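Notes follow once the structure below has been shown.
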Amino acid sequence: MRVVHAEFVISNTDVAKCPRDPFPEYAFIGRSNVGKSSLINTLSGRKSLAKTSGKPGKTQLINHFKINKNWFLVDLPGYGYAKTSKTTKKAFQQLITRYFEQRKQLISAFVLVDIRHEPQTIDLDFMEWLGTNYIPFAIIFTKADKLKPKAINRKVDEYLTKMREGLWEEVPPYFITSSLHKTGVEEVLAYIDQLNTEFHATN
Ligand code: GTP
Ligand code: MG
């Protein structure tokens, strides 16, 4: 799929105020600084559609971006940022939980994890929560430019092994990406395209 049109639509703290269009949407979630906003820019072929920062905690709202005028990419605040206050953390948590529980248009979440890190409890717990709530998701390994190909394969294998040791009999679809080198962009867009087609065939 080629992205020919990408526009920012609205930022929200309230799920009820998110766009009402019956378009399929895909939400990017993961720890702060993992590269959610950067990947949204890379996928949409725009440098600064979503705001990014070297400092964690940049995205604080639910941000809707309309792509090709008929589907949405959604940028969410990161979870697990240690330096925010307890109150802020709780507010983010609530925002994220409500979004996933209430957003009917959501087709799939993309849980982003930094390919360099060991599997983190907060990510595994979040995926487990998605699973318990029947919310489909795929994993996106980010910042692949930071590792050599062999190390990338090893890290991915380790991650999937850890998931299989947990409650996952079947691991979710996954993608290896780098916003810096535009790695994995075609694959993620092709996956979304396929889900969009399935959505339109049944709606
Ligand atoms: P929050 O909004 O704070 O939750 O963070 P985020 O997940 O949206 O991260 P963001 O896209 O703002 O990126 C955080 C930092 O990681 C920035 O300094 C980016 O330049 C950097 N970054 C993002 N993606 C990549 C990547 O693929 N490779 C490298 N090397 N750096 C990246
Ligand atoms: Mg962000």
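Heads up: the sequence shown at position 40 corresponds to 267 in the working numbering, and the numbers run straight through without jumps. All C-beta atoms, glycine included, are put in the ideal place defined by N, C-alpha and C. On a predicted model such as this, the values are computed, not experimentally measured, just so you know.
- Roughly how many angstroms separate the alpha carbons of GLU397 and PHE235, rounded to a whole number? The residue you call residue 397 lines up with position 170 of the sequence shown. The residue you call residue 235 lines up with position 8 of the sequence shown. If I take the Cα positions, the gap works out to 35 Å.
- Is the region 244-262 close to the region 337-357, with three or more CB pairs under 8 Å? Result yes; three or more Cβ-Cβ pairs closer than 8 Å.
- Leaving out the 5 sequence neighbours to the left and right, which residues in its chain are closer than 7 Å to TYR308 when beta-carbon positions are compared? Within the sequence shown, residue 308 is the residue found at index 81, counting from 1. Cβ within range, chain order: SER259, PRO283, GLY284.
- Message: Tell me the DSSP secondary structure of ARG343 in three-state form.
- Response: Taking the first residue of the sequence shown as position 1, residue 343 is located at position 116. Judged by DSSP in its simplified three-state form, ARG343 adopts coil rather than helix or strand.
- Query: DSSP three-state call for TRP298: helix, strand or coil?
  - Reply: Start at 1 with the first residue of the sequence shown, and residue 298 comes out as number 71. In this structure, DSSP gives TRP298 an extended state, which the three-state scheme calls strand.
- Who does ALA233 pair with in a DSSP beta bridge? What you label residue 233 is simply residue 6 of the sequence shown in a count that begins at 1. In the DSSP assignment, ALA233 is bridged to ILE294.
- Query: Taking the continuous alpha helix (DSSP H) assigned at ALA417, which residues delimit it?
  - Reply: Here residue 417 refers to the residue found at position 190 of the sequence shown. 412-429 is the span of the alpha helix (DSSP H), which, as asked, contains ALA417.
- Cβ atoms of ILE323 and ILE267: under 9 Å apart, would you say? Looking up residue 267 in the sequence shown gives position 40. Looking up residue 323 in the sequence shown gives position 96. ILE267 is not a Cβ neighbour of ILE323, given a cutoff of 9 Å.
- Message: For GLY257, report the span of its beta strand (DSSP E) as first-last.
- Response: On the sequence shown, residue 257 is found 30 positions in, with the first residue counted as 1. Taken as a continuous stretch (DSSP letters only), the beta strand (DSSP E) holding GLY257 covers 252-257.
- Query: So, helix, strand or coil for LEU333, using DSSP?
  - Reply: As a working note, residue 333 is residue 106 in the sequence shown. It is a strand residue.
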